[in-house]
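Have a look at the structure below before the remarks.
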Amino acid sequence: MTTLTPNARRITALGRFELTLLVRNRAALGVALMMPLLMVFVLRSSLSGVEGAAAVGEATLTGGIGMVLLLVVHMNLVSAYVARREELVLKRLRTGEARDLEILAGTALPAACLALGQIAVLAVAGALALDVRMPQNPLLLTAAVLAGLLLLAALSAVTSSFTRTVETAGLTTLPLFLATVLGSGLFAPTDSLPDLAASLCELLPLSGVMTLVRAGWSGGAEGADLLGAGLNALAWIVISVFAVQRWFRWEPRR
């Protein structure tokens, strides 16, 4: 216990520092707070052709959870890691007592907490507003969201390694955003795709997480599907953590 308490305190202290910077950055804070809910509202109207109001509502809410993960966690964190690296903050932190994992976790903490809060509000208020039943398996939904947070935090650190400036973060985060929205079934099932395309889409980084999110909300998923989705999420987390250890940059790119 004595070895865990200082680590938790350092992570919390770094998280408070990062939260202060996030609050001062009004553009990033505005995107984090407003864009996911705004996009869900817009996409709610575009899904009016889906059969049944309940199906529309559940598709909107589960897709909204994916949008929160992408916009609040992934896009914010890539910019944060790049900004702290270029400002030599990461390099200075490494000269102190904080370990590498604590620095990365402390930087990710505000975005993760903000995403959890938005997902909670989205799940409760969204379900009431759209007259949709509450999640059928809250534990599975919670596990899926936590897995998504961990995966996207790691993927954000990896993406920051190939991002030269904060201004170019919008470009380097775009491939994962598009691949997830189009191929991981955020708002529309991939069943309509050809078999080969559907099989390839199941291998995308967030496909497993989104399958677990939908199963946690709607229920009824088969054990084989849940196992495959869990293995997909676990495999991508392992790959991403290895990539962070191998390629993450602590000093400015020159």
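Using our numbering, you'd call the opening residue of the sequence shown number 17 and step up by one each time. Glycine included, each C-beta is placed from N, C-alpha and C at the ideal position.
Check, Outcome
"Does DSSP classify G31 as helix, strand or coil?", "helix"
"Between which residues of its own chain and L209 is the CB-CB distance below 8 Å, once the five residues before and five after are set aside?", "C217"
"Excluding the 5 residues flanking S234 on each side, which residues of the same chain have their C-beta closer than 7 Å to its C-beta?", "E74 and Q152"
"Please state whether DSSP places M150 in a helix, a strand or coil.", "coil"
"For the ligand HEM, is there any heavy atom lying closer than 7 Å to the beta carbon of L167?", "As presented, the structure is devoid of all ligands, the ligand HEM included, so that no description of it is given."
"Pull up the CB-CB distance for L166 and I253, whole angstroms please, since I reckon it's below 8 Å.", "6 Å"
"Across the segment 124-135 and the segment 158-176, are there enough close Cβ pairs to call them in contact, namely three or more that are closer than 8 Å?", "yes"
"Please name the residue, chosen from V225, E238, S95 and G224, that lies closest to S177 on a Cα-to-Cα basis.", "S95"
"Would you mind stating whether L220 and S200 have Cβ atoms separated by less than 8 Å?", "yes"
"Once you ignore the five residues that flank L77 on each side, which residues in its own chain have a CB closer than 6 Å to its CB?", "G142"
"To the nearest angstrom, how far is the alpha carbon of P154 from that of V174?", "30 Å"
"Only counting runs of 4 or more residues, tell me where the alpha helix (DSSP H) segments fall wholly within the segment 79-156, in order along the chain.", "92-102, 105-110 and 116-145"
"Can you give me the C-alpha to C-alpha distance between L106 and A185, rounded to a whole angstrom?", "18 Å"
"Do L171 and L187 have their beta-carbon atoms positioned less than 8 Å apart in this structure?", "no"
"Output yes or no for whether 8 Å exceeds the beta carbon distance between G224 and G246.", "yes"
"Alpha carbon to alpha carbon, how far is V257 from W263? Give it in angstroms, no decimals.", "10 Å"
"Which term fits V84, buried or exposed, when burial requires 16 or more other beta carbons within 10 angstroms of its beta carbon?", "buried"
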